[in-house]
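For what it's worth, our numbering labels the leading residue of the sequence shown as 13, then goes sequentially. Note that CB positions come from ideal geometry on N, CA and C, so glycine has one too.
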Amino acid sequence: MTLAPFVRIVAQGKGRARPLTQDEALQAMTIMLSGNAAPEAVGALLMVLRLRGETDAEIAGFTAALRASTTHLPRADLDWPSYAAGRTRGSPLFLLAARLVCDAGYTVSMHGWNSHQNAFADVRGVMDGLGLAGRGLTYTSLENLNPVAFDLLRLRDTFGLRSCINTVLRMFNPSGAKASVQGVFHPSYRGLQSRAAALLGDENLTVIKGGGGEFERNPAKDAALFGLRAGVELEAVARALVSDTRRLHEPQHDIDLKALWNGDLDDPFATATVTGTAALALWTLGACPNVHDCEDMAKTLWFERLTPERRLA
13 MTLAPFVRIV AQGKGRARPL TQDEALQAMT IMLSGNAAPE AVGALLMVLR LRGETDAEIA
73 GFTAALRAST THLPRADLDW PSYAAGRTRG SPLFLLAARL VCDAGYTVSM HGWNSHQNAF
133 ADVRGVMDGL GLAGRGLTYT SLENLNPVAF DLLRLRDTFG LRSCINTVLR MFNPSGAKAS
193 VQGVFHPSYR GLQSRAAALL GDENLTVIKG GGGEFERNPA KDAALFGLRA GVELEAVARA
253 LVSDTRRLHE PQHDIDLKAL WNGDLDDPFA TATVTGTAAL ALWTLGACPN VHDCEDMAKT
313 LWFERLTPER RLA
């Protein structure tokens, strides 16, 4: 099958073009993931959607096709995609937040690709270097998880622009987790992703504008929360945790994650970033009835982290 009918639907001209339905988007993405689509047609479809803006149904259909085309990972409690890590961000503090969630007794499945942008953004390198994986936390690289989806993501190098593949990968959830957290760089995508997730029948999701597009909370700002609880769309606000006006990531300001975790570095802002991010993840999992209680829970987990078996080697 060819992508031509789907390109025609979205690009045939003013007054005649229309968005893809969810089923049409599923069919189009299935063709792209087969690896048999003409590259010109793939580029045409993705760039038309980029110019026009994707709909909830299109993102839902593309995501459904991606999920169906991939061998699922072992089931986890929480899905945590990591596909951003912009060029100006610093150390991935959200990794320590994920570690806290696992210390609370949950399993976390991370997946992504971000080692290409800067040394600080190399999530798998940091995880390997600090020995963070294990005890409930896993990380799977996209190129191993779905090589064709990886090739579609890498088309950004050809286009010079991101495409809706970036959004779809955030919604991937290859472990079939009951809950998911997602970060975005552009605020308008928070509602898009939560509405598309509802079309897919997802139940529990929290989306925030995070540091570099990752799920990482800036503790100095109120956090607008979008997502789903028991399949119902939600919008809420988590109040700022500190009065410090410092940026979440200062260029060239690397934080020693090992020293921070092991108590050898005292950085209240970085600590609030970790515990605040962990609190939102715990809230998504239903660990506490509200964000404030989860913030207290995350602080307790942080205080209790310094047992011999939890120190980073």
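Alpha-carbon to alpha-carbon, residue j and residue i
i      : j      : result
Pro31  : Thr67  : 7 angstroms
Gly288 : Leu15  : 44 angstroms
Met183 : Gln205 : 7 angstroms
Val120 : Leu217 : 14 angstroms
Glu226 : Gly143 : 21 angstroms
Asp266 : Trp273 : 14 angstroms
Leu294 : Arg229 : 13 angstroms
Asp89  : Gln24  : 43 angstroms
Thr257 : Lys233 : 9 angstroms
Thr82  : Met122 : 15 angstroms
Pro326 : Pro93  : No answer is possible for residue 326: the residues shown for the chain start at 13 and end at 325.
Val60  : Arg174 : 12 angstroms
Asp140 : Lys26  : 51 angstroms
Leu38  : Gly148 : 32 angstroms
Gly222 : Ile71  : 20 angstroms
Val196 : Arg28  : 32 angstroms
Phe18  : Val54  : 10 angstroms
His198 : Ala235 : 14 angstroms
Arg323 : Arg317 : 7 angstroms
Ala271 : Leu107 : 14 angstroms
Cys300 : Ala282 : 23 angstroms
Thr319 : Ala50  : 55 angstroms
Ala290 : Ser187 : 20 angstroms
Ile43  : Arg62  : 19 angstroms
DSSP three-state assignment for residue i, whether helix, strand or coil
i      : result
Met59  : helix
Lys190 : coil
Trp92  : strand
Met122 : strand
Asn216 : strand
Asp254 : For the record, residue 254 in the displayed sequence is Val; it is not Asp. In the structure shown, Val254 sits in coil (DSSP, three-state: anything other than H, G, I, E or B).
Gly27  : coil
Gly172 : coil
Proximity winner among the options, relative to residue i (alpha-carbon distances)
i      : options                        : result
Ala76  : Asp234, Ala40, Gly148          : Ala40
Gly203 : Ala248, Ala145, Gly172, Asp163 : Ala248
Val138 : Ala110, Leu165, Leu237, Pro104 : Pro104
Glu307 : Gly243, Val113, Glu70          : Val113
Glu245 : Arg251, Pro280, Asp214         : Asp214
Arg207 : Asp276, Gly243, Asn178, Leu167 : Gly243
Ser200 : Arg20, Gly239, Gly188          : Gly239
Ala116 : Leu324, Pro280, Thr319, Met309 : Met309
Asn178 : Leu164, Lys190, Asn302         : Leu164
Ala325 : Asp279, Ala284, Leu269         : Leu269
Ala209 : Gly73, Ser255, Leu167          : Gly73
Ala311 : Leu253, Asn156, Ala145         : In the sequence on display, residue 311 carries Lys and not Ala. The shortest Cα separation from Lys311 among Leu253, Asn156, Ala145 belongs to Leu253.
Pro231 : Val160, Ala189, Leu277, Ala109 : Ala109
Start and end residues, beta strand (DSSP E) containing residue i
i      : result
Ala236 : 235-241
Leu246 : 244-250
Leu149 : 149-153
Endpoints, the alpha helix (DSSP H) within which residue i is located
i      : result
Val138 : 135-142
Ser200 : 200-211
Gly292 : As written in the sequence, residue 292 is Leu, which differs from the Gly given in the question. Looking at the DSSP string, the run of the alpha helix (DSSP H) that includes Leu292 is 280-296.
Glu226 : Where Glu226 is concerned, there is no enclosing alpha helix (DSSP H), given that its DSSP letter is neither H nor E.
Leu324 : First-last for Leu324: undefined, no H or E at that position.
Gln39  : 34-46
Ser103 : Note, Ser103: premise wrong, no alpha helix (DSSP H); not H, not E.
Glu307 : 303-315
Glu70  : 68-81
Ala161 : 159-166
Asn274 : 269-274
Integer Cβ distance of residue i from residue j, believed to fall under 8 angstroms
i      : j      : result
Leu181 : Leu211 : That belief does not hold up - the Cβ atoms of Leu181 and Leu211 are roughly 17 angstroms apart, past 8 angstroms.
Leu297 : Tyr118 : 6 angstroms
Ile220 : Leu313 : Going by Cβ atoms, the distance from Ile220 to Leu313 rounds to 20 angstroms, so no, they are not a contact pair.
Asn185 : Asp91  : 4 angstroms
Val22  : Leu45  : About 18 angstroms; that fails the 8 angstroms criterion.
Ala250 : Val303 : 5 angstroms
Tyr95  : Asn126 : 6 angstroms
Gly124 : Val135 : 6 angstroms
Any C-beta of chain C under 7 angstroms from that of residue i
i      : result
Ala232 : In the structure shown, chain C does not exist; there is a single protein chain.
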